[in-house]
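For reference, the structure is listed below as structure tokens.
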Amino acid sequence: MRSVSDIDFGRLTGRAFHPSPVAWEDEVLYFLMVDRFSNGRERDWRDNDGVAVAFGETPRLRPENHGNAMGTEAERAAWRHAGERFTGGTLRGLRGKLGYLRRLGITAVWVSPVLKQVPGVESYHGYGTQDFLDVDPHFGTPEDLRDLVTAAHGMGIRVILDVVLNHTGDVFDYAVPAPVCDSTTVYPVAGFRDTDGKPALPIGPLTDRDTGVWPAELQTLDAFTRQGRIQDWDRWPEYLRGDFQTLKDVSLLRPDGGPSPALVALTQAYQYWLAFADLDGFRVDTVKHMDPSAARYFASAIHEFAASIGKENFYLIAEITGPRSFAFQTLQAVGMDAALGIADVQDHLEWLVKGRRNPVDYFGLFRDALQDGKDSHAWYRNRVVTGYDDHDQVRKGASKARFAATEHGDRLAVAALALNAATLGIPCVYYGSEQLFDGAGGDDRYVREAMFGGAFGPFRSRGRHAFDEDHPVYRQLARILALRRRVPALRRGRQYLRPISGDGSSFGPPRIIGDGPMRSIVPWSRIFAGHEVLCAINTDPFTPRTAWVTLDRDLHPPGSELTCRFNTDEHLEGTVVSAEPRNGSAIPVTVPAGGFVAYW
Numbered sequence: 001m002r003s004v005s006d007i008d009f010g011r012l013t014g015r016a017f018h019p020s021p022v023a024w025e026d027e028v029l030y031f032l033m034v035d036r037f038s039n040g041r042e043r044d045w046r047d048n049d050g051v052a053v054a055f056g057e058t059p060r061l062r063p064e065n066h067g068n069a070m071g072t073e074a075e076r077a078a079w080r081h082a083g084e085r086f087t088g089g090t091l092r093g094l095r096g097k098l099g100y101l102r103r104l105g106i107t108a109v110w111v112s113p114v115l116k117q118v119p120g121v122e123s124y125h126g127y128g129t130q131d132f133l134d135v136d137p138h139f140g141t142p143e144d145l146r147d148l149v150t151a152a153h154g155m156g157i158r159v160i161l162d163v164v165l166n167h168t169g170d171v172f173d174y175a176v177p178a179p180v181c182d183s184t185t186v187y188p189v190a191g192f193r194d195t196d197g198k199p200a201l202p203i204g205p206l207t208d209r210d211t212g213v214w215p216a217e218l219q220t221l222d223a224f225t226r227q228g229r230i231q232d233w234d235r236w237p238e239y240l241r242g243d244f245q246t247l248k249d250v251s252l253l254r255p256d257g258g259p260s261p262a263l264v265a266l267t268q269a270y271q272y273w274l275a276f277a278d279l280d281g282f283r284v285d286t287v288k289h290m291d292p293s294a295a296r297y298f299a300s301a302i303h304e305f306a307a308s309i310g311k312e313n314f315y316l317i318a319e320i321t322g323p324r325s326f327a328f329q330t331l332q333a334v335g336m337d338a339a340l341g342i343a344d345v346q347d348h349l350e351w352l353v354k355g356r357r358n359p360v361d362y363f364g365l366f367r368d369a370l371q372d373g374k375d376s377h378a379w380y381r382n383r384v385v386t387g388y389d390d391h392d393q394v395r396k397g398a399s400k401a402r403f404a405a406t407e408h409g410d411r412l413a414v415a416a417l418a419l420n421a422a423t424l425g426i427p428c429v430y431y432g433s434e435q436l437f438d439g440a441g442g443d444d445r446y447v448r449e450a451m452f453g454g455a456f457g458p459f460r461s462r463g464r465h466a467f468d469e470d471h472p473v474y475r476q477l478a479r480i481l482a483l484r485r486r487v488p489a490l491r492r493g494r495q496y497l498r499p500i501s502g503d504g505s506s507f508g509p510p511r512i513i514g515d516g517p518m519r520s521i522v523p524w525s526r527i528f529a530g531h532e533v534l535c536a537i538n539t540d541p542f543t544p545r546t547a548w549v550t551l552d553r554d555l556h557p558p559g560s561e562l563t564c565r566f567n568t569d570e571h572l573e574g575t576v577v578s579a580e581p582r583n584g585s586a587i588p589v590t591v592p593a594g595g596f597v598a599y600w
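Just so it is clear: in the sequence shown, position 435 is 435 by UniProt numbering, and no numbers are missing.
This is the structure in structure tokens:
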């Protein structure tokens, strides 16, 4: 196909499609970068049926292999350089690891962009699209994408594709050097890039699919804003009109405010991929940088198209950087379904567990629903995707590293994963968190380790994969997600931070005292249809902690009994405690170091 007009939607949609989930808050997402996940050449792992695989090239990573790429300075430089390039992960490799994800408890895989990138450019991340009608050969073929989704559906896993329509890759060059956006100037263009990357092709119809940009509807000057790169990422309208460094901003609106031909073409291209691969949702990149009316057109057209083929709850997850209030105002304006909790949620979740934020700061993010125009904080259950690590870590600036890298994060990872899984929102696990990847280094490449090893493996290694289902964090997370799957209150219930007491007399919310860090039990209740589940984590990475925890007196009056249904120390499950008339009603709760418990 050279043009979206070549798409035969009648033939494409004349079949049955996989239905949408009833409630997305029941799902657990897992975000991975295709290039950094699996190349299908590992050995000593379990296949999709749980059968041990003894053949393959790459053995499993062991602790003694950590740092095996750090020998000489030349080896260290080679490892660092490998992190800036394609490393070899594929769609077929991912398809072979669906069993690993299913056994972990994942129900929806969020896959990084897979469409064709600018040839000769190391945009392994997928956010520099050159051809919106083809899959990048580094990742595989269109059929590989379709086969991945089919296999995932057969295993009870949905697939959400990361999509980009705010910008393309570096498909042309300006006629002036390195122009910057002043929100008004439109700069002259030298030409589309040829197969050597030079801007030698005139703007207009192209014949070579490795040159310029595709589909053909984008091969005009009017398809791009041409205003140079963004300098101030928060200054309006600069952040709407400028380029992301070398990535070229697409002009999404006509002068009269209607959808531009470029926006219409990109929307139809993504409708094609939705139907071709039978996708279940899109994660829409850089929504902040799109005019709200353009994003709203895309959302409406995608929702309507999905509904027309039987996907009544096709989910659009918007990446909206900035404060939470801005994110939710934008979400409502554009008509998408959920926002990534990029700023406030990630920051407060991570640093609560590490004892550097007061718990009321995190739980307060969900209580302030009235500020977002909603009458109940339960609205957040399916409107925010929560997590604590990702591939960008915008909030951390120059100090980018994964959770496990600092502040005893390796000992507190289970507490963080439990807090994410058992509080409001749609939880998302960033690949490698279940294997304690640390991502230390300071820029994007280091938080994008290759899980299959290769030249840029985790923990500064090479040639060793990390698909270890015996890893203690993997096993604990699998148990936690199984609990979430069994208990509706943990997916759909209202949520309340609970007061605690050390002496059973003076109660208050857990908080930082002095310079911190806070080493304490942090308890909360999820209540659904009259059923209260009391959860608690321990932010002390070394020592078990005990406290009296307040309950809902009407649901658990003094004298009632609760049973420990989950404990990261499995030997303590089944313990029964009685509620006493303290602060209304309360029970004594002990949580292992860096652990998690649940009572009802």
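Virtual Cβ for every residue (Gly too), placed ideally from N, Cα, C. Every value quoted in this text rests on a predicted model; they were computed, and no experiment measured them.
Nearest neighbour of asparagine 39, chosen from Ser461, Thr58, Pro541 [CA to CA]: Thr58
Counterpart residues of tryptophan 524 in DSSP-defined beta bridges: Leu497, Cys535
Own chain, CB closer than 7 Å to methionine 518, minus 5 neighbours either side, in chain order: Gly355, Pro510, Arg511, Ile512, Thr539
Distance between beta carbons of glycine 89 and alanine 450, contact taken as under 8 Å: 7 Å
contact_flag[the stretch 272-281, the stretch 144-161] where n(CB pairs < 8 Å) is 3 or more: yes
Exposed unless 16 or more other CB atoms sit within 10 angstroms - verdict on arginine 62: exposed
The stretch 466-483 / the stretch 68-77 touching (three or more Cβ pairs under 8 Å): no
Every unbroken beta strand (DSSP E) inside the stretch 88-119 [3 residues or more]: 108-111, 115-117
Every unbroken beta strand (DSSP E) inside the stretch 163-234 [3 residues or more]: 172-174, 189-192
Environment of alanine 16 [buried if 16+ CB atoms lie within 10 Å]: exposed
Cβ-heavy atom distance, valine 473 to the ligand ZN, below 8 Å: The model on display carries no ligand, and the ligand ZN is accordingly not part of it.
Best match in Tyr380, Arg381, Phe403, Val384 for proximity to histidine 391 [C-alpha to C-alpha]: Phe403
Three-pair Cβ contact test at 8 Å for the stretch 551-562 versus the stretch 525-535: yes
Pairwise C-alpha distance: phenylalanine 452 and aspartate 44: 12 Å
Closer than 9 Å to chain C by CB, proline 255: Looking at the structure shown, chain C is missing, and only one protein chain is on hand.
With 16 other Cβ atoms within 10 Å as the buried cut-off, status of aspartate 438: buried
Cβ-based neighbour list, phenylalanine 244, same chain, cut-off 6 Å, excluding 5 preceding and 5 following: His167
Under the three-state DSSP convention, the category leucine 331 falls into: helix
Beta bridge counterpart(s) of alanine 338 as assigned by DSSP: Ile317
Coil, strand or helix - serine 20 by DSSP: coil
Spatial distance of histidine 138 from tyrosine 270 (CA atoms): 20 Å
Three CB pairs or more closer than 8 Å across the stretch 422-439 and the stretch 20-35: yes
contact_flag[the stretch 243-258, the stretch 151-158] where n(CB pairs < 8 Å) is 3 or more: no
With 16 other Cβ atoms within 10 Å as the buried cut-off, status of valine 591: buried
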